[in-house]
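Using UniProt numbering, you'd call the opening residue of the sequence shown number 1 and step up by one each time.
Below you'll find the structure, written out as structure tokens, and then a few comments.
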Amino acid sequence: MANQVPDEVIEEVRKANDIVDVIGEYVQLKKQGRNYFGLCPFHGEKTPSFSVTQEKQIFHCFGCGKGGNVVTFLMEMESYSFYEALKHLADRSGVQLPEEGIRKETSLSTESQSILSAYEWLAKLYHHLLRHTKDGKEGYTYLKERGLHDDTIDTFQLGFAPNITDFTTEFLEKKGFHQQLMVKAGLLSQKDDNSVSDRFSGRVIFPIRNHLGKTIAFNGRAINGQGPKYLHSAESELFRKGKTLFNFDLAKKHIRKENEAVLFEGSMDVISAYQAGVKNGIATLGTSLTDSQAKLLKRYVDTVILCYDGDRAGMDATYKAAQLLQNVGAYVKIARLSEDMDPDSFIRQYGGEAFIDQVIKPSTTFMGFYMRYVKKDFNLSLEGDRIKYVETVLRQVAVIDSPVEREYYLKELSNEYNISMDTLTEEIHQYRQKSGSREDKREKYSNTNKKAEPSFHSRKRLLPAFQNAERQLISYMLQNSYIAEKVQEEIGAAFNLDVHKIIATHLYAFYEEGHTADPGLFMERLDDEKARQVVAEISMLPVKDDISDREVNDYIRTILSESGDRMSIKALKEQQRLAEQQNDPLKAAQIAMQIIEIQKQLKNTN
Numbered sequence: 001m002a003n004q005v006p007d008e009v010i011e012e013v014r015k016a017n018d019i020v021d022v023i024g025e026y027v028q029l030k031k032q033g034r035n036y037f038g039l040c041p042f043h044g045e046k047t048p049s050f051s052v053t054q055e056k057q058i059f060h061c062f063g064c065g066k067g068g069n070v071v072t073f074l075m076e077m078e079s080y081s082f083y084e085a086l087k088h089l090a091d092r093s094g095v096q097l098p099e100e101g102i103r104k105e106t107s108l109s110t111e112s113q114s115i116l117s118a119y120e121w122l123a124k125l126y127h128h129l130l131r132h133t134k135d136g137k138e139g140y141t142y143l144k145e146r147g148l149h150d151d152t153i154d155t156f157q158l159g160f161a162p163n164i165t166d167f168t169t170e171f172l173e174k175k176g177f178h179q180q181l182m183v184k185a186g187l188l189s190q191k192d193d194n195s196v197s198d199r200f201s202g203r204v205i206f207p208i209r210n211h212l213g214k215t216i217a218f219n220g221r222a223i224n225g226q227g228p229k230y231l232h233s234a235e236s237e238l239f240r241k242g243k244t245l246f247n248f249d250l251a252k253k254h255i256r257k258e259n260e261a262v263l264f265e266g267s268m269d270v271i272s273a274y275q276a277g278v279k280n281g282i283a284t285l286g287t288s289l290t291d292s293q294a295k296l297l298k299r300y301v302d303t304v305i306l307c308y309d310g311d312r313a314g315m316d317a318t319y320k321a322a323q324l325l326q327n328v329g330a331y332v333k334i335a336r337l338s339e340d341m342d343p344d345s346f347i348r349q350y351g352g353e354a355f356i357d358q359v360i361k362p363s364t365t366f367m368g369f370y371m372r373y374v375k376k377d378f379n380l381s382l383e384g385d386r387i388k389y390v391e392t393v394l395r396q397v398a399v400i401d402s403p404v405e406r407e408y409y410l411k412e413l414s415n416e417y418n419i420s421m422d423t424l425t426e427e428i429h430q431y432r433q434k435s436g437s438r439e440d441k442r443e444k445y446s447n448t449n450k451k452a453e454p455s456f457h458s459r460k461r462l463l464p465a466f467q468n469a470e471r472q473l474i475s476y477m478l479q480n481s482y483i484a485e486k487v488q489e490e491i492g493a494a495f496n497l498d499v500h501k502i503i504a505t506h507l508y509a510f511y512e513e514g515h516t517a518d519p520g521l522f523m524e525r526l527d528d529e530k531a532r533q534v535v536a537e538i539s540m541l542p543v544k545d546d547i548s549d550r551e552v553n554d555y556i557r558t559i560l561s562e563s564g565d566r567m568s569i570k571a572l573k574e575q576q577r578l579a580e581q582q583n584d585p586l587k588a589a590q591i592a593m594q595i596i597e598i599q600k601q602l603k604n605t606n
């Protein structure tokens, strides 16, 4: 697979794409010592165990064991073929891949490729119609009346599907797309009499793109009273509402820069806010926030600002979304809008600057929002309801880990309802005793987070001595071809673990081909998934810059000693089997004692 593209081109692409930068587009990475850590994108976790080393250009997860280089990361993350991963990196860095003699493998099915192509054609067509033809004037006028500028319309590639019978159907047919596949893709609709019509006729088109910027669906907004008001493409292999966030492809770089994401309810809110200068905004697609979307956001950012409508339904949705985000470890802030406002209407009425200064910047904590939110369930003019309200709020305050934050809200309650701080503090203490304080858990989380790498290595020190010797020796062989050459002369592939034998054999061949030490490139040459993961893990081991021949020889002796003892046991077991066949139980028992003695010695040395 890899050898279809010349090695020197692969090497150029790899060196042009720093692994920290590439993975940083998918995972929020924080530097700890020489490595970077973040939440693993391949399995669910709240404690970062995913490590990236810039020096060696490799990644490894201490939790699930995944590991590799920048190419294999994309292959895992995007389900890319080798060529697709390489092409993505080449395009990203401006490296030209050869066009001739290369089999352009794709991980997408023929059906999905066709659907993607159809969406690409139609997105361009609908945008062109809206911006440059009388057929699109109706949609263009609507967007201008909503306050959108031409450059905003162009940025989001907004379009209009003309209200002309069979316009889209005929266009797709001329382009060679199969009609039933286009129905399945949600671009056409099939009626009861099996006739086919345009799904989005007479609607303003909001293209929905995946995180790579590929259009995978449409959201059509009715402007002539036809129902429903919003119409999405049907879900498919490419498009899942619960896993997609509107505008994520454009917003993710701004999310990383601001270290905050602003989550809206609708695509028009996102677009208006983007035009107003809030470029880190994303939205769900007509559904409530899902667990998958919350986990995706947490991988990228610590803080999420919820900016939903100010009415009762918006507050309910805010509360549910906040709970989900907090459950995945995100810090939640709430933008404050009056009851009769949504983000888009606020911006149109008061302007973008006021939206940033009065809505986004003064966002409150979740607790501040919660105290307002639960008030709707109580009649505070009644003494009994006031007491119930205070008790409800206290239960929520009790789960706050920060003593400073707890005291802040207790003072608010004390001042507003004339209750002494002593009484409120005692009540909080009782709640925390009943529920169990989370401070110890938070401390454990913090310690695990800080010690992710050392704890992994300390766990590995519990391995048998020969196995540690093999791992350390391979780690030095990966960074020094001279050590690998010495080991090849001394023991060849006589490692005790099969996976280490595979790695050593491939590493000898790698150096014999003239390559210099490069763990990332070497991993690319390994077809065995387990071997690749072990190489990534071993490459993360701490090594000395300069190791002596004596240390190398010590590792070799330990490995050969284990190998010799294993051979001795194997031979003794064969002798024992023969003694039993010859009906000599005394001799068989003596041999058994010898085997037990050797095994004891092995256990003691390990």
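A virtual CB, placed ideally from N, CA and C, is assigned to each residue, including glycine.
- Between Phe-248 and His-232, is the Cβ-Cβ spacing less than 9 Å? Residue 248 sits at position 248 when you count from the first residue of the sequence shown. Residue 232 sits at position 232 when you count from the first residue of the sequence shown. Not closer than 9 Å, so no.
- Query: Where are the alpha helix (DSSP H) runs, 4 residues long or more, that stay fully inside the region 69-94, in chain order?
  - Reply: 70-78 and 82-93
- Task: Could you tell me whether the region 533-541 touches the region 61-71, where touching means 3 or more Cβ pairs closer than 8 Å?
- Result: yes
- Give the DSSP-derived three-state secondary structure of Gln-54 in the structure shown. On the sequence shown, residue 54 is found 54 positions in, with the first residue counted as 1. Three-state DSSP puts Gln-54 in coil, outside helix and strand.
- Unbroken beta strand (DSSP E) run spanning Lys-15, endpoints: Here residue 15 corresponds to residue number 15 of the sequence shown, with the count starting at 1. Counting along the chain, Lys-15 falls outside any beta strand (DSSP E), though it belongs to the alpha helix (DSSP H) covering 7-15.
- Task: Might you give, ordered along the chain, the residues of its own chain that have their beta carbon closer than 8 Å to the beta carbon of Leu-188, omitting 5 neighbours on each side?
- Result: The residue labelled residue 188 in the question sits at position 188 within the sequence shown. Within the same chain, Leu-188 has close Cβ partners Thr-168, Thr-169, Leu-172, Gln-179, Met-182, Val-196, Ser-197, Asp-198 and Arg-199.
- Item | Nearest to Lys-361 (by Cα), restricted to the options Val-95, Leu-380 and Arg-336 | Start at 1 with the first residue of the sequence shown, and residue 361 comes out as number 361. It is Arg-336 whose Cα lies nearest to the Cα of Lys-361.
- Query: So which of Thr-141, Glu-551 and Leu-507 has the shortest CA-CA distance to Arg-525?
  - Reply: Indexing the sequence shown from 1 puts residue 525 at position 525. The shortest C-alpha separation from Arg-525 is found at Leu-507.
- Message: For Ala-251, tell me which candidate among Gln-226, Glu-485, Val-278 and Arg-240 has the shortest Cα-Cα distance.
- Response: In the sequence shown, residue 251 corresponds to position 251, counting from 1. Closest option to Ala-251, Cα to Cα, is Val-278.
- Which whole runs of the alpha helix (DSSP H) in the UniProt domain "Toprim" (259-340) are 4 residues long or more, in chain order? 267-276, 291-300 and 312-327
- Would a C-beta distance cut-off of 9 Å place Asp-342 and Gly-242 closer than the cut-off? The sequence position of residue 342 within the sequence shown is 342, counting from 1. The sequence position of residue 242 within the sequence shown is 242, counting from 1. No; because the gap between Cβ atoms is not below 9 Å, this pair is not in contact.
- Task: Kindly indicate which three-state DSSP category Ser-233 falls into: helix, strand or coil?
- Result: Stepping through the sequence shown from its first residue, residue 233 is reached at position 233. Three-state result, Ser-233: coil.
- Have a look at Phe-50, His-43 and Gly-44 and flag the residue whose alpha-carbon is nearest the alpha-carbon of Gln-32. Locating residue 32 in the sequence shown gives position 32, counting from the first residue. Nearest C-alpha to Gln-32: Phe-50.
- Is the number of C-beta pairs between the region 52-60 and the region 12-19 that are closer than 8 Å three or more? yes
- Message: According to DSSP, is Asn-420 part of a helix, a strand, or is it coil?
- Response: Within the sequence shown, numbered from 1, the residue matching residue 420 stands at position 420. The question names Asn, but residue 420 in the sequence shown is Ser. Coil, per DSSP.
- Counting only the same chain and skipping the five closest in sequence on each side, list residues whose C-beta sits under 8 Å from that of Leu-86. Locating residue 86 in the sequence shown gives position 86, where the first residue counts as 1. Within the same chain, Leu-86 has close Cβ partners Val-5, Ile-10, Val-13, Val-71 and Leu-97.
- Answer with buried or exposed for Ile-400, where buried requires no fewer than 16 other C-beta atoms within 10 angstroms of its C-beta. The residue you call residue 400 lines up with position 400 of the sequence shown. It is buried - the Cβ of Ile-400 has at least 16 other Cβ atoms within 10 Å.
- Is DSSP giving Pro-542 helix, strand or coil here? To locate residue 542, count along the sequence shown from 1; it is residue 542. In this structure, Pro-542 counts as coil in the three-state DSSP scheme.
- Where Asn-468 sits in the DSSP three-state scheme: Translated into positions along the sequence shown, residue 468 becomes position 468. Looking at Asn-468 - three-state DSSP - the assignment turns out to be helix.
- Own chain, CB closer than 6 Å to Gly-147, minus 5 neighbours either side, in chain order: Along the sequence shown, read from residue 1 onward, the residue named residue 147 stands at position 147. The residues are Arg-348.
- Query: Grouping DSSP H, G and I as helix and E and B as strand, with all else coil, what is Arg-532?
  - Reply: Indexing the sequence shown from 1 puts residue 532 at position 532. Reduced to three states, the DSSP call for Arg-532 is helix.
- Message: Check this for me: beta carbons of Gly-286 and Leu-263, under 9 Å apart or not?
- Response: Counting from 1 along the sequence shown, the entry for residue 286 is found at position 286. Counting from 1 along the sequence shown, the entry for residue 263 is found at position 263. No, the pair does not count as a contact, with Cβ atoms beyond the cut-off.
- Task: Report, in whole angstroms, the separation of the C-beta atoms of Tyr-126 and Ile-223, which I expect to be a contact under 8 Å.
- Result: Residue 126 sits at position 126 when you count from the first residue of the sequence shown. Residue 223 sits at position 223 when you count from the first residue of the sequence shown. So it is not a contact: roughly 14 Å between Cβ atoms.
- Query: Measuring CA to CA, which of Glu-512, Gln-467, Gln-479 and Ala-517 is closest to Phe-495?
  - Reply: Here the question's residue 495 lines up with position 495 in the sequence shown. Checking every option, the nearest Cα to that of Phe-495 belongs to Gln-467.
- Among all the DSSP beta bridges, which residues are the ones paired with Cys-61? Taking the sequence shown and counting its residues from 1, one reaches residue 61 at position 61. According to DSSP, which records beta bridges pairwise, Cys-61 is partnered with Phe-50.
- Item | Spatial distance of Tyr-511 from Ile-556 (CA atoms) | Translated into positions along the sequence shown, residue 511 becomes position 511. Translated into positions along the sequence shown, residue 556 becomes position 556. Answer to the nearest angstrom: the Cα atoms are 20 Å apart.
- Taking only heavy atoms of the ligand PLP into account, decide whether any of them is closer than 8 Å to the Cβ of Gly-202. Annotation note on the ligand PLP: not contained in the displayed structure, which lists no ligands.
- Task: For Arg-221, name the three-state secondary structure that DSSP assigns.
- Result: Along the sequence shown, read from residue 1 onward, the residue named residue 221 stands at position 221. Strand at Arg-221.
- Starting from the C-beta of Lys-30, find all residues in its chain whose C-beta is less than 8 Å away, skip the five residues before and the five after it, and write them out in chain order. Taking the first residue of the sequence shown as 1, we reach residue 30 at position 30. Closer than 8 Å at the Cβ level, and outside the excluded window around Lys-30, lie Tyr-36, Phe-37, Gly-38 and Pro-48.
- Query: What whole-angstrom Cβ distance do Ala-273 and Phe-156 have, given they're in contact under 8 Å?
  - Reply: Within the sequence shown, numbered from 1, the residue matching residue 273 stands at position 273. Within the sequence shown, numbered from 1, the residue matching residue 156 stands at position 156. Going by Cβ atoms, the distance from Ala-273 to Phe-156 rounds to 12 Å, so no, they are not a contact pair.
- Taking Arg-256 as the reference, which of Thr-303, Glu-426 and Gln-430 has the closest Cα? Residue numbering aside, residue 256 sits at position 256 when the sequence shown is read from its first letter. Looking at the Cα atoms, Thr-303 is the closest of the given residues.
- Task: Please classify Gln-28: is it buried, with 16 or more other beta-carbons within 10 angstroms of its beta-carbon, or exposed?
- Result: Stepping through the sequence shown from its first residue, residue 28 is reached at position 28. So Gln-28 counts as buried.
- Task: Just confirm the distance between the C-beta atoms of Val-301 and Glu-260, as a whole number of angstroms; I'd bet it's less than 8 Å.
- Result: Working through the sequence shown from its first residue, we reach residue 301 at position 301. Working through the sequence shown from its first residue, we reach residue 260 at position 260. The pair is a contact, with the Cβ atoms about 6 Å apart (cut-off 8 Å).
- Task: Determine the DSSP secondary structure at Ala-494, reduced to helix, strand or coil.
- Result: As a position in the sequence shown, residue 494 is number 494, starting the count at 1. If DSSP states are grouped into helix, strand and coil, Ala-494 belongs with coil.
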